[in-house]
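Novice: In the working numbering, the protein residues as written are 2 to 71.
Glycine included, each C-beta is placed from N, C-alpha and C at the ideal position.
As the structure is a prediction and not an experimental result, all values here were calculated from the model.
Handing you a structure now.
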């Protein structure tokens with residue numbers, strides 16, 4: 002989640018996160034301060050570290066859940 006996303010306030014993301022927790026849904030939310038909406042699929046050099054971290058989190062999440070469903 003881009004912390005500077007103008008379309009999705011961080012407060013909404015935190016509320017969604019609380020709802021997931023209350024429902025017992027396994028999840029992980031990472032907020033990247035200063036990153037705009039869709040920073041992950043852009044070539045912004047300034048967000049390269051955030052994009053790399055987000056990608057590694059995606060890969061780990063998929064690997065964990067794919068292995069659990071085998």
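By how many angstroms is the C-alpha of residue 71 removed from the C-alpha of residue 51?
Specialist: As a working note, residue 51 is residue 50 in the chain shown. As a working note, residue 71 is residue 70 in the chain shown. Approximately 31 Å, taken between the alpha carbons.
Novice: With a 10 Å radius around its C-beta and 16 neighbouring C-beta atoms as the bar for buried, classify residue 36 as buried or exposed.
Specialist: Translated into the one-based positions of the chain shown, residue 36 becomes position 35. Residue 36 is buried by the Cβ-count criterion.
Novice: Does the structure place the stretch 50-69 close enough to the stretch 25-34 that three or more beta carbon pairs sit under 8 Å?
Specialist: yes
Novice: Using only the alpha-carbon positions, how far apart do residue 12 and residue 2 sit?
Specialist: The residue labelled residue 12 in the question sits at position 11 within the chain shown. The residue labelled residue 2 in the question sits at position 1 within the chain shown. About 12 Å.
Novice: Look at the alpha carbon of residue 39 and the alpha carbon of residue 56, and state the distance between them as a whole number of angstroms.
Specialist: One-based indexing of the chain shown puts residue 39 at position 38. One-based indexing of the chain shown puts residue 56 at position 55. Straight-line measurement puts the Cα of residue 56 at about 13 Å from the Cα of residue 39.
Novice: Could you spell out the range, first to last residue, of the alpha helix (DSSP H) harbouring residue 67?
Specialist: Counted from its first residue, the chain shown places residue 67 at position 66. Unbroken alpha helix (DSSP H) run through residue 67: 49-69.
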